[in-house]
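In the working numbering, the protein residues as written are 6 to 147.
For every residue, glycine included, the Cβ atom is placed at its ideal position computed from N, Cα and C.
If you're wondering where the values come from, they're calculated on a predicted model, not measured in any experiment.
The structure appears below as C-alpha cells.
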Ligand code: ZN
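Written out as C-alpha cells, the structure reads:
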C-alpha cells in the first residue's frame, strides 16, 4: 500500500478510547473501542454493542467497519486499525472480525491491539497479514 495514509497511533488510540467509553457492554462490562484509519484519510470509530442474546453482540471492529461503509461506501479500504479496551486486558480482534476486516484491508496494513506477551500486557503493532494468514477470499464468477 504505497499511497496509504500514515497512521498516527496515539491519535487513533485516543479515538478508539473515546469509542470504548460509548460501548454498549451492559452484560460483560468489557468495553472495547476500535479506530479505523481509512484510505481516504478519515478515521471512523466503533464500540462493541452487546445484546441479551449474546450471539447477536457485535464487536468494536465490525461496528466501526459497518459505520465506515455506511459513511463512505463499499469501495472504502482500511489503512490501519487500533483496538483498545477500558479494562486493561488483552483484546486482539476475534476471528470473526479478522475475517470481516480482510475484505477491506491489505495484508501489509498495520493493526494494533493489547495482548499479553510473556505475562506483560503490551500494545502490539503488527501487520494484518500476521494476525490473519491464509485469508479466505472469494471472487464471485463474472
Ligand atoms: Zn470481534
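Report the rounded CA-to-CA distance for residue i versus residue j, giving the unit in angstroms.
| i | j | result |
| --- | --- | --- |
| residue 91 | residue 146 | 44 Å |
| residue 18 | residue 53 | 16 Å |
| residue 141 | residue 128 | 26 Å |
| residue 63 | residue 88 | 14 Å |
| residue 79 | residue 97 | 25 Å |
| residue 12 | residue 82 | 14 Å |
Let me confirm a value: residue i is counted as buried when at least 16 other C-beta atoms fall within 10 Å, else exposed. Which label applies?
| i | result |
| --- | --- |
| residue 36 | buried |
| residue 34 | exposed |
| residue 31 | exposed |
| residue 143 | exposed |
| residue 25 | buried |
| residue 85 | buried |
Leaving out the 5 sequence neighbours to the left and right, which residues in its chain are closer than 7 Å to residue i when beta-carbon positions are compared?
| i | result |
| --- | --- |
| residue 72 | 49 and 51 |
How many whole angstroms separate the CB atoms of residue i and residue j, which I take to be in contact at a CB cut-off of 8 Å?
| i | j | result |
| --- | --- | --- |
| residue 1 | residue 38 | Summary: the structure shown does not reach residue 1, with the chain confined to residues 6 through 147, and so no result is reported for it. |
| residue 41 | residue 70 | 7 Å |
| residue 120 | residue 138 | Residue 120 to residue 138, Cβ: 17 Å. No contact. |
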